[in-house]
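Residue numbering for the sequence shown follows the working numbering, starting at 636 and increasing by one per position.
Even for Gly, the Cβ is constructed at its ideal location relative to N, Cα and C.
Quantities reported herein were computed from a predicted structural model and do not represent experimental measurements.
Just below is one structure, and these are the notes that go with it.
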Amino acid sequence: MAIRSLKRIVPPNALEGFFLVVLVAGMTVVLAILLNMMMPQMVAQGTAAVTLYTLLGFFLYTNIITNMAMCILVDPRADPKRMALELELAGGGKGWHECTECQMWVPPRSRHCRICAVCVLKRDHHCILTGCCVGHHNYRYFFYFVLYMFLASAISFVVGLDFVYVHRAGNFEFFPIYVSLFVIVIIMSLLFMVMSGCILYKQWPAIRYGATSLEAEAHNFQYNLGVLGNLRMFLGKWMVLTWISPFIPSPLPLDGVHWEVTNREVGDCL
């Protein structure tokens, strides 16, 4: 697993950097308001529920941040020296194609990203939230980043509505600025929930059919290994443990260059 250079960690444009800052700041603000302002009024202090909700909040938050960081740090690009060696060993390389912009030959499922200016192994898409491409080596971290963001924002949205409209019944005996903060929690949680939910929906072909976004558009499901097999392709050998933390090692079964092709024809899984 290669790590990006410090120069390539920075998002390629200001807009993506802005999205990244807003996302991290927004999640931090929501967590702080939930734990420090809402929970003390909803749960009796000193009880096991306080510990449980606090641990759940930090578990979701840390997994969002750390998986996002790993998605950015792990380099999914096709290394020119390795590609040249792989092509030579393959004796021509069936399914390989030449990238005129990178001036090298790359294996099947690899595509060039004009924003990152590199070819990415099993490229799925360029993520504007992280400012990087998502491919073979960092898809695991992108998947959990979005999944935990959806779960955390959904819980925050429900808790926010419950606090404002059920627990407080719309009655507040403190400064209006606090009310504004609670409304912000609800709005931001709804925004993050819808955004991450849409992203997860778009990533369904990767789970169901083992296809990248481009392959799904072309109804090309020749790499479909079944749901469990497809999950293993990006979650790795120890996929049952990967939900705990992005720092749990889970070697991927394939190297991003050589692929298993099933007997299914294009469109066979529709």
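Taking the alpha carbon of residue i as the point to measure from, which residue in the options has its own alpha carbon closest?
{"i": "V892", "options": "I668, E723 and T701", "result": "E723"}
{"i": "F653", "options": "L825, N855 and L764", "result": "L764"}
{"i": "L782", "options": "A713, L670, L708 and K837", "result": "K837"}
{"i": "M703", "options": "F817, L687 and S831", "result": "S831"}
{"i": "E736", "options": "V829, P715 and D710", "result": "P715"}
{"i": "D797", "options": "V678, V656, V645 and N648", "result": "V678"}
{"i": "S791", "options": "I819, Y774 and F778", "result": "I819"}
{"i": "S640", "options": "C767, V659, V664 and R717", "result": "C767"}
{"i": "E721", "options": "R712, V741 and L863", "result": "V741"}
{"i": "M718", "options": "E733, I707 and L708", "result": "E733"}
{"i": "H761", "options": "T663, R712 and R867", "result": "R712"}
On the CB-based measure, 16 or more other CB atoms within 10 Å of its CB, does residue i come out buried or exposed?
{"i": "H802", "result": "exposed"}
{"i": "V896", "result": "exposed"}
{"i": "Y800", "result": "exposed"}
{"i": "L905", "result": "Note that L905 scores 39 on pLDDT, short of 50, meaning its location in the model is unreliable; the coordinates nonetheless yield the value given after this. It counts as exposed."}
{"i": "M705", "result": "buried"}
{"i": "C833", "result": "exposed"}
{"i": "I638", "result": "exposed"}
{"i": "D710", "result": "buried"}
{"i": "E900", "result": "Reliability fails at E900, whose pLDDT of 47 lies under 50, so the model's placement of it is uncertain and no value is given."}
{"i": "N648", "result": "exposed"}
{"i": "R775", "result": "buried"}
{"i": "F856", "result": "buried"}
{"i": "S824", "result": "buried"}
{"i": "V665", "result": "buried"}
{"i": "V769", "result": "buried"}
{"i": "V753", "result": "buried"}
By how many angstroms is the C-alpha of residue j removed from the C-alpha of residue i?
{"i": "D759", "j": "M674", "result": "39 angstroms"}
{"i": "F817", "j": "T686", "result": "22 angstroms"}
{"i": "P886", "j": "L690", "result": "28 angstroms"}
{"i": "Y858", "j": "A846", "result": "7 angstroms"}
{"i": "G795", "j": "G728", "result": "55 angstroms"}
{"i": "P917", "j": "Q676", "result": "Residue 917 is absent from the structure shown; the chain starts at 636 and stops at 905."}
{"i": "G902", "j": "H771", "result": "Note that G902 has pLDDT 44, beneath the 50 cutoff, so the model's placement of it is unreliable and no number is given."}
{"i": "L870", "j": "H747", "result": "23 angstroms"}
{"i": "M828", "j": "L889", "result": "32 angstroms"}
{"i": "T682", "j": "V755", "result": "50 angstroms"}
{"i": "Y688", "j": "N773", "result": "30 angstroms"}
In the DSSP assignment, find the alpha helix (DSSP H) that holds residue i and state where it starts and stops.
{"i": "V862", "result": "G861 to L870"}
{"i": "P840", "result": "W839 to R843"}
{"i": "V664", "result": "A649 to I668"}
{"i": "S848", "result": "S848 to E852"}
{"i": "L889", "result": "Unbroken run through L889: none, as it is neither H nor E."}
Tell me where the beta strand (DSSP E) around residue i begins and ends.
{"i": "W740", "result": "M739 to V741"}
{"i": "E733", "result": "H732 to C734"}
Any heavy atom of the ligand HEM within a distance shorter than 7 angstroms of the CB on residue i?
{"i": "M823", "result": "You won't find the ligand HEM in this model; it holds no ligand whatsoever."}
Of all the beta strand (DSSP E) runs that stay within the bounds of the stretch 748–818, which reach a length of 3 or more residues?
DSSP runs (the beta strand (DSSP E)) wholly in the stretch 748–818: 753–755, 760–762 and 767–769.
Within the stretch 671–740, note down every full alpha helix (DSSP H) run reaching 4 residues or more, in order along the chain.
674–677, 683–708 and 715–725
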